[in-house]
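Chains as they are written, first to last, in this note's numbering: chain U, 1 to 370; chain V, 1001 to 1397; chain W, 2001 to 2260.
Beta carbons are placed, not taken as given, at the ideal position from N, Cα and C, and that holds for glycine.
What follows is a single structure, written as structure tokens, with notes after it.
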Amino acid sequence: MPTLIKAFEDLVSNRHDNAIKWKNMGKSVFGYFCTYVPEEIIHAAGIIPVRMMGGSDDITLADVHLPSYVCSFARSCYDQGLKGVYSYLDGVIFPCTCDTIIALYSIWKADIKTPYVGFVDPLCAKTETAKKYFREEVARFKESLESFLGGEISDTSLQKSIEIYNANRRLLKEVYELRRSSHPPISGVEALDIVKSSMLTPKEEHSRLLENLLNKISERDDPPESGVRILVSGSVIYDPEILRMIENSGGLIVTDDLCTGTRYFWDLVNTNLPPLTGIADRYYERIPCPCNYSPERRLEHILSLIRDYNVEAVVFTLQKFCDPHLFDYPFIGESLKEAEISTLLLETEHVSSPLGPLKTRIEAFLETIQ
Amino acid sequence: MTERAKKSLEASKEVFKLASEHYLGAHEAKKQDKPVTWMTGYDPVELLYAMDVAVVYPENYSALCAVTQLAPKFIEKCERLGYSSNLCSYARNTIGTTFEEGAPLGGLAPPDFLVVARKFCKTHIKWWQVLSRRFNCPLFVIDSPYVTGGVEDYHIDHYVSQLEDLIDFLEEQTGRKLDYDKLAEVVKLSDRASELWDEVMAMRRNVPCPVGASDILSCMFAIVTLPGTKTAVEFYERLRDEVKERVKNKIGVVPEEKHRLLWDNIVLWYNVGLSNYFQKFGAVFVLEPYTMVWSGRLDPSNPLESLARKYLFAFIGLKNRGDAMVELCKLYKVDGAVMHSNRSCKFLSLLEYELKDLLMEKLGIPSLIIEGDHCDGRAYSDAQIKMRIQAFMEMLG
Amino acid sequence: MYTAGIDIGALTAKSLILEDERPLAFTIIPSGSNSKETAEKVMEATLSKAGLSQGDVAFTVATGYGRVNVPFADKQVTEISCHAKGAYSLFPMVRTVIDIGGQDSKAIKIGKDGRVMDFAMNDRCAAGTGRFLEVMAKALEVRLEDFGELSLQSKNKAKISNICTVFAESEVISRISEGAPKIDIIAGIHDAIANRVFGMASRVKIEKDLVMTGGVAKNRGVIKALEEKVGFKILVSEEPQIVGALGAAIIAREMVLKQF
């Protein structure tokens, strides 16, 4: 059992080595900066999409072209790019999400020699006009890829990719469902690796691992210790240390509202629609990220998770300088307080930043709930 | 230690009155049960003026709060409500004024509905979402497509579709129908204001430069907030005439113009007098992308499409912005650039290090990057900023 | 012809007198709370060493944080120009200068002809300045002057992960109580300050020859840590603290000559 769980962790820690292995096998690898990028299209083109993640080493080169008031996720990715860690990428896609990533599109293009640098615009308005435009935008993205690759991406291959992606999403949800129980068989740290590894591995392979896990999970004899049932809300958690801290201080993370969590896989592509339309609509209508949309629907998602997963407290792990999340936070925080849910806000920085004070706050918070 | 900017023009003296009338006018409209909305600069306000909606501008208003040194109070209030101190200070200031007494000119008249276009930054959208919750009123978002390359037909078509949606929204909210003749009139006036603003900007290419940043920052009020009005046109006719006279008589901003500088980004509104310090070194700001960008020529016979072309912001990304900056520096005979690394404005600030390299590479022009904030002056250190400016001016020689 | 340079820093005040192109005498004293008095004191000391009076000096340039408070100065010029000028006179192949002072740090890019091409500064945050080292020396109960030599003995430097001086101090104290050897902690401290300075200096695109000036340049441990980051040897003059005043005096001389 431990080996099964560790497999997911390894996929995350060995992501760069794995990517190089795939490249050596003759495959193409594209990085993408956010879960609004329509992965199925990249997959249908025979390319392996990998989620860009921050690294664990000190950020030493980013200062050259990025000021200090930028989130550590962006700084770290850029730093890794400059250090050549991502030199294996054949392409990198930037979605128009937040001001930082939009700027990073230009900076990456200027400073790092990735052959294809793409741009996708998930919109901010919720209207028929916007929906129609996004479908066209996704079609343009597909054409741009076809033009770069010198080949067509057929509807059949799109359909196939949709099925593979939907299957992976269903499996991830099934794994999450296990955490509704009073004794969840996997911890939050493990769940994070399970989701992140899906973003870093060919989906077919990942789904096999998930199936295996689901088959064997009941045999687990070292499940996580129970604790205060926590929902974690934030964006990309590229370093699990803060989740580890929560789970070592008497908390147990049972679900989340994260880019590297439920927001990634919660919504399926509707296969009753033509494939490209289905893909576009799925990304347009999915659980919203603060970057684009108003927080009301996200709050609903959080409240329903709280209900279904019997959550006792919500911990916000928001990156310092992450404007979209920080604009939403007062509304979501207040709404949860009104619903009598305890909340804790942690502003996180890069790996190498002060952990001691955070630990104290987490411990104090959990004590008040137990 | 903050200073008022030393101004050279008579026209600049009119601006405070223009601004007061504008913001007080919105309160008047409210009293008369006329619709009021809040928009950002570079939104298609012509449509709203054509429908007789009073429009106020939180960004411009926050600049006013900063100039009058009142912003810290409102910013602090906003932070006490749980908003991070790293969010845009215009947003923090505005949100604060909706919860706290003492905002200048009676504060911003509460909106009946809200309109905002996503064109520069996502912050506008998040900020307007907060406002829409604060006032419990509907919000209309225009997605101005992000143009990182050239402007395509599909960009224009999409913007026009959204303008049509906006008209439906406004007709529903106001209970009025859009009068297309009125719209044509408003568009014509807006076009004229842009024409005049462009004329004034072009005259700054002269040596000596007849009008510097100090005056332009005041005089830009009308092009940002009043495009489509007679007031704006009349004001800019006076401004244009005054600047033309100065060009004719070769009157510059400083007795001896030694350096012609570009200023990039928004200014430090709580210390607009910083330009006075540059003038001590014989340096004049002849060019600011931030003040130039507001104008846009319109075609009254094709109002929606030309509004789309005007408001579709085509300077996203390093290529478009950088190329434009290089061309402008050549035209305006710039020999140094000062870039404000403005922690409240990631949209404008994040590319500055690249732009600095570009100006050096293409034109041999050195740049000074000054760290600051456009509206929140609490961390402002006059001595530190001036030391960097002095070092830069010593470098320019 | 005698010209003088005076550098009033937050922690130390320096003055230097040139006889034509040759340094004649210099003084370094701790800065008092009153810049004006400090300026007069440090200038007097150097004049005395040189056997001169103020009237013998043709031109005085003041620099540093307290430069506006030197009433007898003929001109005030920023430290950027002065450190560049001073470093260039000592090392004509210099292309980058890094100055870590008591309360700030700077990086200056210099062209082939000695002109300043670009600069970057940190004066907002104690980390990356002499203050950081002072705070740590106190926490470790070790003399700051011994920091350099001690850290060179370390074979296993500790990792100080906190960016903020105040939190880093707590981290250091924890390490001491955990029993980590002081030499390793000091090496870690030097690595931390080198990281900060390197990040700041990268903005001017570090190029050989790299010269370090300022008080912290006397610390061989910091030099070594920075050399590891830049990948080549760093040059330091015999008296790195006086480079600013030297540059100021040279600029004073240039200003006099320009008048002819």
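Can you check which of these residues, the options, is closest to residue i by C-alpha distance?
i                 : options                                        : result
leucine 1262(V)   : Cys1209(V), Val1334(V), Phe1313(V), Glu1245(V) : Val1334(V)
leucine 1312(V)   : Leu1114(V), Arg1118(V), Lys1013(V)             : Arg1118(V)
proline 288(U)    : Leu299(U), Pro330(U), Phe73(U), Ala280(U)      : Leu299(U)
aspartate 1153(V) : Leu149(U), Glu136(U), Asp155(U)                : Glu136(U)
arginine 1204(V)  : Gln1129(V), Phe1135(V), Lys1330(V), Glu1305(V) : Lys1330(V)
valine 2256(W)    : Thr2129(W), Val2116(W), Val2061(W)             : Val2061(W)
histidine 1259(V) : Asp1033(V), Lys1362(V), Leu1396(V)             : Leu1396(V)
glutamate 435(U)  : Phe1347(V), Ser1085(V), Arg1176(V)             : Given a span of 1 to 370 for chain U in the structure shown, any question on residue 435(U) remains unanswerable.
Chain W partners of residue i, CB-CB under 7 Å?
i                  : result
glutamine 1390(V)  : Thr2078
methionine 1387(V) : Thr2078
Run through chain V and tell me which residues come within less than 9 Å of residue i, C-beta to C-beta.
i                  : result
aspartate 99(U)    : Phe1120, Cys1121, Lys1122, Thr1123, Cys1345, Lys1346, Phe1347, Leu1350
leucine 123(U)     : Arg1118, Val1141, Asp1143, Pro1145
methionine 2121(W) : Gln1384, Met1387, Arg1388, Ala1391
cysteine 289(U)    : Per Cβ cutoff of 9 Å: no residues; cysteine 289(U) is ~11 Å from chain V at best.
Using only the heavy atoms of the ligand NAP, determine whether one of them is closer than 7 Å to the beta carbon of residue i.
i              : result
lysine 2182(W) : As for the ligand NAP, it is missing from this structure, which has no ligand bound.
Pull up the CB-CB distance for residue i and residue j, whole angstroms please, since I reckon it's below 8 Å.
i               : j                : result
proline 1300(V) : valine 1187(V)   : 5 Å
leucine 145(U)  : tyrosine 133(U)  : The Cβ separation is near 19 Å, so there is no contact.
alanine 1011(V) : leucine 1239(V)  : 4 Å
valine 1233(V)  : glycine 1041(V)  : Actually they are not in contact, since the Cβ atoms of valine 1233(V) and glycine 1041(V) sit about 18 Å apart, beyond 8 Å.
valine 315(U)   : threonine 255(U) : So it is not a contact: roughly 12 Å between Cβ atoms.
What's the C-alpha gap between residue i and residue j?
i                  : j                    : result
valine 1047(V)     : leucine 1018(V)      : Residue identity check: residue 1047(V) is leucine in the sequence provided, not valine. C-alpha separation (whole angstroms): 21 Å.
methionine 1051(V) : glutamine 1173(V)    : 11 Å
alanine 313(U)     : glycine 2102(W)      : 46 Å
proline 2151(W)    : leucine 2246(W)      : In the sequence under discussion, the amino acid at residue 2151(W) is serine, which differs from the proline named in the question. So the two alpha carbons sit approximately 30 Å from each other.
alanine 44(U)      : lysine 160(U)        : 8 Å
valine 2070(W)     : glutamate 2040(W)    : 8 Å
serine 1341(V)     : proline 67(U)        : 8 Å
arginine 1004(V)   : serine 1161(V)       : 44 Å
glutamate 2044(W)  : serine 2154(W)       : 43 Å
tyrosine 1061(V)   : glutamate 1352(V)    : 26 Å
leucine 345(U)     : glutamate 338(U)     : 16 Å
serine 187(U)      : isoleucine 42(U)     : 31 Å
tyrosine 1146(V)   : glycine 1317(V)      : 9 Å
asparagine 2122(W) : lysine 1356(V)       : 19 Å
alanine 2013(W)    : leucine 1368(V)      : 28 Å
leucine 1070(V)    : proline 330(U)       : 24 Å
glutamine 319(U)   : glycine 333(U)       : 16 Å
leucine 1359(V)    : glycine 1336(V)      : 9 Å
asparagine 166(U)  : aspartate 267(U)     : 9 Å
arginine 1297(V)   : phenylalanine 141(U) : 32 Å
glycine 2111(W)    : lysine 2085(W)       : 11 Å
glycine 2056(W)    : valine 2243(W)       : The sequence given here has aspartate at residue 2056(W), not glycine. Approximately 22 Å between the Cα atoms of the pair.
In chain V, which residues lie with their C-beta within 7 Å of the C-beta of residue i?
i               : result
alanine 2081(W) : The question names alanine, but residue 2081(W) is serine in the sequence shown. By Cβ distance, chain V contributes Ala1391, Glu1394.
alanine 110(U)  : Leu1318, Glu1354
serine 294(U)   : Gln1129
cysteine 96(U)  : Tyr1146
Please list, in chain order, the chain W residues whose beta carbon lies closer than 9 Å to that of residue i.
i               : result
threonine 60(U) : Asn2195, Phe2198, Gly2199, Ser2202, Lys2229
glycine 356(U)  : Asn2162, Phe2167, Ser2170, Glu2171, Ser2174
I want to verify the contact list: residues of chain V whose CB lies under 8 Å from the CB of residue i, in sequence order.
i                    : result
valine 2116(W)       : Ala1391, Glu1394, Met1395
tyrosine 105(U)      : Thr1148, Gly1317
valine 175(U)        : The contacting residues do not exist; valine 175(U) stays about 32 Å from chain V at best.
phenylalanine 119(U) : Tyr1146, Thr1148
Taking residue i as the query, report the chain W residues whose CB atoms sit under 8 Å from its CB, ordered along the chain.
i                  : result
aspartate 10(U)    : What aspartate 10(U) touches in chain W: nothing, since even the nearest Cβ is about 25 Å away.
proline 1366(V)    : Met2117, Asp2118
methionine 1325(V) : Near methionine 1325(V) there are no residues of chain W at all, since even the closest Cβ is about 18 Å away, more than 8 Å.
Where the stretch 313-335 of chain U meets chain V: residues whose CB sits under 7 Å from a CB there: Of all residues in the stretch 313-335 of chain U, Lys320, Phe321, Asp323, Pro324, Leu326, Phe327, Tyr329, Pro330, Phe331, Gly333 have a Cβ within less than 7 Å of some Cβ in chain V.
message: Beta carbons nearer than 7 Å to chain V: which residues of the stretch 123-150 of chain U have them?
response: Within the stretch 123-150 of chain U, the residues whose Cβ lies closer than 7 Å to some Cβ of chain V are Leu123, Cys124, Ala125, Thr127, Thr129, Ala130, Tyr133, Glu136, listed in chain order.
query: Taking Cβ-Cβ distances below 7 Å as the criterion, which residues of the stretch 51-77 of chain U are in contact with chain W?
result: Of all residues in the stretch 51-77 of chain U, those with a C-beta nearer than 7 Å to a C-beta of chain W are Asp58, Thr60, Leu61, Asp63, Val64, reading in chain order.
message: Using a Cβ-Cβ cutoff of 9 Å, what residues of the stretch 1082-1102 of chain V are near chain U? List them in chain order.
response: Among the residues of the stretch 1082-1102 of chain V, those with a Cβ less than 9 Å away from any Cβ of chain U are Gly1082, Tyr1083, Ser1084, Asn1086, Leu1087, Cys1088, Ala1091, in the order of the chain.
- prompt: Using a beta-carbon distance cut-off of less than 8 Å, what residues from the stretch 29-41 of chain U approach chain V?
  reply: Taking 8 Å as the cut-off between beta carbons, none of the residues of the stretch 29-41 of chain U comes near chain V.
query: Mind listing which residues of the stretch 1160-1183 of chain V have their C-beta closer than 9 Å to chain U's C-betas, in chain order?
result: Residues Ser1161, Gln1162, Glu1164, Asp1165.
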